[in-house]
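Please read the structure below before turning to the comments.
There are 2 protein chains.
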Amino acid sequence: MRLLAGTDFALRVLMLLAGAPPGRPVSVERLARDLGGLSRHHLHKIVQDLTALGITRTLRGSGGGVMLARAPDQVRVGTVVRQLEADQAVVECFRADGCACTLLPHCRLRGMLREAQERFYAGLDGYTLADCIPPLTASASIGASAR
Amino acid sequence: MRLLAGTDFALRVLMLLAGAPPGRPVSVERLARDLGGLSRHHLHKIVQDLTALGITRTLRGSGGGVMLARAPDQVRVGTVVRQLEADQAVVECFRADGCACTLLPHCRLRGMLREAQERFYAGLDGYTLADCIPPLTASASIGASAR
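From first to last, the protein sequence lines are chains A and B.
Quick note: the first sequence uses the working numbering, first residue 62, plus one each step.
Quick note: the second sequence uses the working numbering, first residue 62, plus one each step.
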């Protein structure tokens, strides 16, 4: 099983933002640098998606950048991953546009997979972004010079 | 989150085999037909993988085909999915060949994802292939004319 590459990077962005001082936006350039060479184009798309979901907000202009829309302890990891993976089907028959599986009418596996998927998300629901802040991040990394 | 397409199809193959009469091999042609047009090449690869894992066995020659290596109630769905997805990393940093994520040394999310992934598999461990046999499969589908 795997998550979308976009979800993977979005979670890293959120960890960095969670470690930044509250109320202080972080520039996309800084995020790109801290994410070790993720392209700005890709990063812009991720930030756009997170902002559309209401998880981050962006401030334009000089001194602008990206910040969490809520405090880190108010953002459940499971909720974020659910939202980012909303269009992703665990197997073909979960796709919104249907599938060609001939077993579907009597398939019992589908329910099992749905239950297991819910367990996965419920596991992540036990944590918030506050639990993801690396020790010393605030002073050692983004905190000292957010931009 | 999603499973590999190969895992998706392998599970369908196993459901069909679980519904076939015990000890009676099912031909690859029959499986391909019941799976609604999956290519024989793809199906051969899937059967080869399942057999290498000891989940199915293949009988060559006239009257040959594929069958479960054990009774359906002896094959845990979670175990099968774990085996088929063994090389699949839930996020980049789970890859055996490492990753470039700069957050890794202090990352707490990694442990959360590992725990959630284990919950997913544990959910499927609660079921065996016997729980996946569609009602009436044995008589209505493969059972009546296994080849």
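We put the beta carbon where it would ideally sit given N, CA and C, even for glycine.
Quick caveat, the model's predicted, so the values are computed rather than measured.
- Around L190/B, the same chain offers L75, A79, P133, V136 as residues with beta carbons nearer than 6 Å, after the five sequence neighbours per side are excluded.
- If you draw a 10 Å sphere on the C-beta of L104/A, you find 16 or more other C-beta atoms in it, and that means buried.
- Taking a contact as a CB-CB distance under 8 Å, the pair F181/A and A177/B counts as one, their CB atoms being some 5 Å apart.
- Close partners of L164/B in chain A (Cβ separation under 7 Å): R73, M76, P195.
- The three-state secondary structure of M62/A, taken from DSSP, is coil.
- Contact note: L145/A does not reach chain B at a C-beta cutoff of 7 Å; the least C-beta distance is about 10 Å.
- DSSP places T163/B outside both helix and strand once states are collapsed to three, so it counts as coil.
- L120/A is bridged by DSSP to G126/A.
- Three or more Cβ pairs closer than 8 Å define a contact, and the segment 150 to 165 of chain B falls short of that threshold against the segment 163 to 173 of chain A.
- What D192/A touches in chain B, judged by beta-carbon distance under 8 Å, is R169, M173, going in chain order.
- Within the model, the alpha-carbon separation for V127/B versus D192/A is close to 48 Å.
- For G97/A, at least one C-beta of chain B is nearer than 8 Å to its own C-beta.
- About 6 Å separates the CB atoms of L174/B and V152/B; that is less than 8 Å, so the two are in contact.
- For T189/A, there is no enclosing alpha helix (DSSP H), as DSSP gives it neither H nor E.
- Assignment of V136/A by DSSP, reduced to helix, strand and coil, places it in the coil class.
- The criterion of a C-beta distance shorter than 8 Å is not satisfied by R85/B and A93/B.
- Ranked by how close their Cα comes to the Cα of A71/A, the residues T112/A, P82/A, M62/A have T112/A in first place.
- Contacts between G184/B and chain A, judged by CB atoms closer than 7 Å, involve E176, A177, R180 in chain order.
- When beta bridges are read from the DSSP output, V87/B appears opposite V127/B.
- When the Cα atoms are used, D110/A and V89/A turn out to be separated by approximately 14 Å.
- Listed by position along chain A, the residues whose Cβ is nearer than 8 Å to that of E153/B are A66, D69.
- Residue-level contact check: Q149/B touches chain A, since one or more beta carbons of chain A fall below 8 Å from its beta carbon.
- Interface annotation, V138/A: in contact with chain B, CB-CB separation under 8 Å.
- Scanning chain B for C-beta atoms nearer than 8 Å to the C-beta of A161/A yields G97, G98, reported in chain order.
- Check the Cα spacing between D69/A and each of Q144/A, R118/A, G187/A: the tightest is with Q144/A.
- DSSP places D110/A inside the alpha helix (DSSP H), whose first and last residues are 101 to 113.
- In the three-state DSSP reduction, L96/A falls in the coil class, being neither helix nor strand.
- The C-beta of R121/A has fewer than 16 other C-beta atoms within 10 Å across all chains shown, which makes the residue exposed.
- DSSP places D69/B within a helical segment (H, G or I) once states are collapsed to three.
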